[in-house]
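*Asks:* Below is the structure I would like to discuss, written out as structure tokens.
2 protein chains.
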Amino acid sequence: MLGNFTYANPTKLYFGENALDNLKAELAQVGPNVVLVYGGGSIKKNGIYEAVLGILRECGKRVAEISGVMPNPTIAKVREGIEIARAHEADFLLAVGGGSVCDYTKAVAASVHEEEDPWEKYFVRFEEPSKPVVPLGCVLTLAGTGSEMNGGSVITNAETKEKVGKVFADTSVFPRFAVLNPRFTMTLPHYQMVAGIYDIFNHICEQYFSGTDDSTSDYLSEGLMRSVIHSSRIANRDPQNYEARSNIMWSATWALNTLVACGKSTDWMVHMLGQGLGGVTNATHGMTLAAVSLPYYRHILPYGLAKFRRFAVNVWNVNPEGKTDEEIAKEGLAAMEAWMRELGLVMNITELGATPDMLEKLADVTIILKGGYKTLTRDEVIEIFKESL
Amino acid sequence: MLGNFTYANPTKLYFGENALDNLKAELAQVGPNVVLVYGGGSIKKNGIYEAVLGILRECGKRVAEISGVMPNPTIAKVREGIEIARAHEADFLLAVGGGSVCDYTKAVAASVHEEEDPWEKYFVRFEEPSKPVVPLGCVLTLAGTGSEMNGGSVITNAETKEKVGKVFADTSVFPRFAVLNPRFTMTLPHYQMVAGIYDIFNHICEQYFSGTDDSTSDYLSEGLMRSVIHSSRIANRDPQNYEARSNIMWSATWALNTLVACGKSTDWMVHMLGQGLGGVTNATHGMTLAAVSLPYYRHILPYGLAKFRRFAVNVWNVNPEGKTDEEIAKEGLAAMEAWMRELGLVMNITELGATPDMLEKLADVTIILKGGYKTLTRDEVIEIFKESL
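If you read the protein sequences in the order shown, they are chains A and B. Convert by adding 368 to the 1-based position in the first sequence; the result is the number in our numbering. Convert by adding 368 to the 1-based position in the second sequence; the result is the number in our numbering.
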């Protein structure tokens, strides 16, 4: 822990099968006008919509709705949501869904009382809110993004094909509370479940694969990664295993609430490649990360050899005896690849709709960060996407 | 993560060599009457007292002081502090010191506006505050107890020789903020440093050695324990190593802010034995834990064999090949013992002033908890203290 940093995370987490029981007490603390935000309507099929609406009615709230929030929420949809929240004079925004719905709700919450258009302010200039943020809460139905306990918001500009992540430092943009019931994630198709699991795992990798200093954060990361690997194997065979799904849900929250990044540098280049790909193909976020990860990590391995060696031994139980550091490190990535294939993750960008003629466009929309073991050139970005085809 | 639980921890952590720079902004948010709480005066020797008082003056605060808070703060001293805080019409209590000062400040903060005596209310009946709690903050000078980010308060009744821990659930008793500058811990004598390190390690053990369910919390515990072992070895050889001391300080906070207990049962029997011993001998808290730990863990090993085996492999890198579970588990405790001896911890209660004629009294004041792998009988408590002589 060499750097100076602040950790502040006021989000209250209600976890477990009875977690929704706490919604009533939370709603009692906010004003009467609530906007319910959700996605494509799956919450109407599994009963969560009715349960939440019942509690809102019981609390005497006036409810408006923003529905149809898409997996990669667009800035146009954010603008539409701002108008709905303004018209309803919203006191509170309640996100019911996965990370996309939660990300989207933050973007709306931070913009209702702002005059300027949110794209320029938050996703181009990366500013903080200058006006009061409408408070928000979240009932989570998909484990993965960690959006339930942080200030992150990833929004896509459909016109420019840019997918940009803003991390709000202002904790008033964090959900005040998050209801985490692992059972709510169990109706998800297998494809979405494993995409979410890889998203979690990669969040930890992004924070782990950077820096040469010795920090407790990396030890916590190793613990979280081991838990995710262990529980994902159980959930992959038996998606209805509550214990495994609960560990995955909890790991997701702690993988991206700033804890494992405290006092250290971070990478986030897999997310930049994945978001570039997501902006162009509209593919599922976790799968975009899975498809580019191994080509990227194999490319940077020589620059971060000590950390990839540590990853192999501490996370994948690679026996280092009689092997060179490079052999150990590569064995770690091979173990990671075997696990990814076991889960059925998408291992190339072709399967996600990318074609060789898109390489230049992908490089255009990929933001290059400097936190990892090697700052990529544009040519290297193209090379990695090419190897991912 | 099988249980239903709530995680809520609003304490803001300022970490690093420049952490004290944030005190001014925090003080700007509280009223003018501040009570400064500290211990035996070591903060006057190392300059921290002057630095903090300078900032208080700069912020225009009216300052009263409670000094002389002892390592095992007494309820009589709490009553004295309540009177000082009342007379000063305290808006804020600022604890500057280690866990004892912080624990003490919480007990005072929760009692200033209460009519009833705090011993009965909090340390006998374990109630929550019924009146507003005076807000508090903390500048930490000793890593160990984790009191800087939780609601725990351990107070001793000198008359009855009872040392009792109350864990406030009400987050208004948590410090609003904690200033964590690892350099502030560097003037500590070696004895206090290693006692603090063992306190941290044992906090994690207490939460780890309980339950048979599979939870992410145990994986996080393993990561934290590995970090503490690694950094403690560096700090033991080189107490001025900032990186090692910073990892220890950060691990201390996360070892006891409820995170690694989420969704699982916990033990805390080593703390009960240690607190019994501390109440009778007034010995340093971390050393009381060290002196009773191995006799206790060896006693309960057969009842929690699977977890002690896991501990050996995942925390101490014991190679399990060709060994029985019991052999592996015992090898783990042997590795732990070697590490404890390397640090120079007190390994028996005789060295802390206990004598055979105290065994009955020790059993009298030791509270028996039910969360561990074996609920002790009174005879077993005596046996463990006897083995610790």
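Even for Gly, the Cβ is constructed at its ideal location relative to N, Cα and C.
(1) Grab me the residues of K691 (chain A)'s own chain with a C-beta within less than 8 Å of its C-beta, minus the 5 sequence neighbours each way, in chain order.
(2) Should A478 (chain A) and V501 (chain A) be called a contact, given that it needs their Cβ atoms to be closer than 8 Å?
(3) Taking C-beta pairs closer than 9 Å, name the residues in chain A that Y406 (chain B) reaches, listed in chain order.
(4) For G436 (chain A), tell me which candidate among A:R454, A:E426, A:G409, A:N682 has the shortest Cα-Cα distance.
(5) For the beta strand (DSSP E) holding F552 (chain A), just list the boundary residues, first then last.
(6) Could you pull out every residue in the same chain whose Cβ sits closer than 7 Å to the Cβ of R677 (chain B), ignoring the five residues on either side in sequence?
(7) Taking the beta carbon of P439 (chain B) as the centre, do at least 16 other beta carbons fall within 10 Å, making it buried, or is it exposed?
(8) Taking the alpha carbon of H653 (chain B) as the reference point, which residue from B:T473, B:Y375, B:V398, B:T513 has its own alpha carbon closest?
(9) Taking M369 (chain A) as the query, report the chain B residues whose CB atoms sit under 8 Å from its CB, ordered along the chain.
(10) Does DSSP put T743 (chain B) in a helix, in a strand, or in coil?
(11) Give the secondary structure of C573 (chain A) by DSSP, where H, G and I count as helix, E and B as strand, and everything else as coil.
(12) Assuming P378 (chain A) contacts P378 (chain B) under a Cβ cut-off of 8 Å, what Cβ separation, rounded to an integer in Å, is found between them?
(13) 8 Å is my cut-off, CB to CB: does Y566 (chain A) come that close to chain B?
(14) May I ask you to list, following chain order, the residues of the segment 574-606 of chain A that have a beta carbon less than 9 Å from some beta carbon of chain B?
(15) Can we say the segment 569-579 of chain A touches the segment 516-524 of chain A, given the rule of at least three CB pairs closer than 8 Å?
(16) Opposite K534 (chain A) in the DSSP bridges: which residues?
(17) Below 8 Å on the Cβ atoms is my guess for S468 (chain B) versus T584 (chain A); work out the distance and round it to an integer in Å.
(18) May I ask which residues mark the beginning and end of the beta strand (DSSP E) holding L391 (chain B)?
(19) Please report the straight-line C-alpha distance between A629 (chain A) and T634 (chain B), rounded to a whole angstrom.
(20) Do V405 (chain B) and I423 (chain B) come within 8 Å of each other at the CB atom, strictly closer than that value?
(21) Any idea what DSSP makes of I717 (chain B), helix, strand or coil?
(22) Measure the alpha-carbon distance for A511 (chain B) versus I565 (chain B) and round it to whole angstroms.
(23) I think L370 (chain B) touches G631 (chain B), with their Cβ atoms under 8 Å apart; what is that distance to the nearest whole Å?
(24) By the criterion of Cβ-Cβ separation under 8 Å, what are the contact partners of A387 (chain A) in chain B?
(25) Which residue from A:P670, A:I568, A:Y671, A:S756 puts its Cα closest to that of L641 (chain A)?
(26) Out of B:F373, B:L737, B:E385, point me to the one whose CA is closest to F373 (chain A)'s CA.
(27) Identify the contact partners of G467 (chain B) in chain A, using a Cβ-Cβ distance below 8 Å as the criterion.
(28) Does the Cβ of L744 (chain B) lie closer than 7 Å to at least one heavy atom of the ligand FAD?
(29) Any idea which residues DSSP pairs N401 (chain B) with across the strands?
(30) Can you give me the C-alpha to C-alpha distance between A526 (chain A) and W636 (chain B), rounded to a whole angstrom?
(31) Which residues of chain B have a Cβ atom closer than 7 Å to the Cβ of P378 (chain A), listed in chain order?
(32) Measuring only between beta-carbons, confirm whether G428 (chain A) sits less than 8 Å from chain B.
(33) Per DSSP, which residues does F460 (chain A) bridge with? Please list them.
(34) Note down the Cα distance separating G449 (chain A) from P663 (chain A), rounded to an integer number of angstroms.
(35) What residues from chain B crowd round Y375 (chain A), counting only those whose CB sits closer than 8 Å?
(36) Buried or exposed for Y671 (chain A), going by 16 or more other Cβ atoms inside 10 Å?
*Replies:* The structure says:
(1) E699
(2) yes
(3) Within chain A, no residue comes near Y406 (chain B); the closest Cβ sits about 24 Å away, beyond 9 Å.
(4) A:G409
(5) Premise fails: F552 (chain A) is in no beta strand (DSSP E) and is neither H nor E.
(6) D693, I696, A697
(7) buried
(8) B:T513
(9) F383, G384, P550, E611, S614, N615, M617, W618
(10) coil
(11) helix
(12) 5 Å
(13) no
(14) D581, D582, S583, T584, S585, D586, Y587, L588, S589, E590, G591, L592, M593, R594, S595, V596, H598, S599, I602
(15) no
(16) A:S521
(17) About 24 Å; that fails the 8 Å criterion.
(18) Taken as a continuous stretch (DSSP letters only), L391 (chain B) belongs to no beta strand (DSSP E), being part of the alpha helix (DSSP H) at 391-395.
(19) 27 Å
(20) no
(21) coil
(22) 7 Å
(23) 6 Å
(24) N372
(25) A:S756
(26) B:E385
(27) By Cβ distance, chain A contributes nothing, its closest Cβ being about 19 Å from G467 (chain B), past 8 Å.
(28) The ligand FAD is absent from the structure shown, which contains no ligands of any kind.
(29) B:R430
(30) 55 Å
(31) P378
(32) no
(33) A:V402
(34) 38 Å
(35) K380, L381, F383
(36) exposed
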